[in-house]
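Asks:
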Amino acid sequence: MRSGNVLLIQAVSSWDTATDSIAGCRLKQITDLTRNTQQFFVPAGFASIRSDVHQTTGSLLVNLPHPARLRLDPYVLAGAGALTFNPGGNTLIAGADTQTRAAFVYGGGADFPLTHHFSLRAEYRGLVYKTPDFGLRALNTDTVTHTAQPSAGIVFRF
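Quick note, my numbering runs 1347 ahead of the 1-based positions in the sequence shown.
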């Protein structure tokens, strides 16, 4: 079984629970839409199911201590959420149903402050979840899979 993702849309919300950048924690909620292709080896050969994946996750971000002379604000994150796989008629396999899987989220990143309100961000998020079978017994691998989501962006604080 192999899979691949392409990010289509992402909305990120983050809340600071402390103003001290060394000991501070943040809560982060992500809702996004990605396109995912799951490839399965079945007795008749290979089967591919392309689906839209709606992700809703929540994570706790903990800022890591760092020397003041470094202009980086590193953090680690851990959380949980749900991934909903929707084949939406774009598959050649009849009977593939929408399926939701629980996911464990982990990762880390760093912000590089440019001004008081703007920063550059690099982040890695990993999602661990049970492989979807789309309600088809022939595709049930009963395995856990992993999706890697590296990202870079601009942060605006207000």
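For glycine and all other residues, C-beta sits at the position ideal for the given N, C-alpha and C.
Taking Pro1421 as part of the beta strand (DSSP E), name the residues at either end of that continuous run.
Replies: Start and end: 1420-1433.
Asks: Nearest-angstrom Cα distance between Gln1496 and Ala1394?
Replies: The straight-line gap from Cα to Cα measures roughly 24 Å.
Asks: Does DSSP put Arg1484 in a helix, a strand or coil?
Replies: Arg1484 falls in the helix class under three-state DSSP.
Asks: Using the Cα positions of Asp1480 and Glu1470, report the straight-line distance between them to the nearest angstrom.
Replies: Cα to Cα, the separation comes out at about 29 Å.
Asks: Considering Cα atoms alone, identify which of Leu1374, Ser1398, Thr1404, Gln1385 is closest to Val1452.
Replies: Among Leu1374, Ser1398, Thr1404, Gln1385, the Cα nearest to that of Val1452 belongs to Thr1404.
Asks: For the putative contact between Val1400 and Thr1431, defined by C-beta atoms under 8 Å, what is the C-beta separation to the nearest angstrom?
Replies: Contact flag correct, Cβ pair sits at about 7 Å.
Asks: Can Ala1425 and Ser1398 be called in contact, C-beta distance under 8 Å?
Replies: No, Cβ-Cβ distance for Ala1425 and Ser1398 is not below 8 Å.
Asks: For the beta strand (DSSP E) containing Ile1440, name the first residue and the last one.
Replies: First-last for Ile1440: undefined, no H or E at that position.
Asks: So is Ala1429 buried or exposed if we call it buried at 16+ other beta carbons inside 10 Å?
Replies: So Ala1429 counts as exposed.
Asks: Express the C-alpha separation of Pro1460 and Arg1418 in angstroms, rounding to a whole number.
Replies: Using only the alpha carbons, I get a separation of about 7 Å.
Asks: State the Cα-Cα distance for the pair Gln1376 and Ala1415, rounded to the nearest angstrom.
Replies: Rounded to the nearest angstrom, the two C-alpha atoms are 28 Å apart.
Asks: What residue range does the beta strand (DSSP E) around Ser1469 cover?
Replies: Residue identity check: residue 1469 is Ala in the sequence provided, not Ser. Its beta strand (DSSP E) spans residues 1465-1477.
Asks: Look at Arg1468 and Gly1454 and say whether their C-beta atoms are less than 8 Å apart.
Replies: Cβ distance not < 8 Å, so Arg1468 and Gly1454 don't count as in contact.
Asks: Beta carbon of Phe1465, beta carbon of Val1491: below 8 Å?
Replies: For Phe1465 and Val1491, no; Cβs fall outside 8 Å.
Asks: Kindly indicate which three-state DSSP category Asp1458 falls into: helix, strand or coil?
Replies: Reduced to three states, the DSSP call for Asp1458 is strand.
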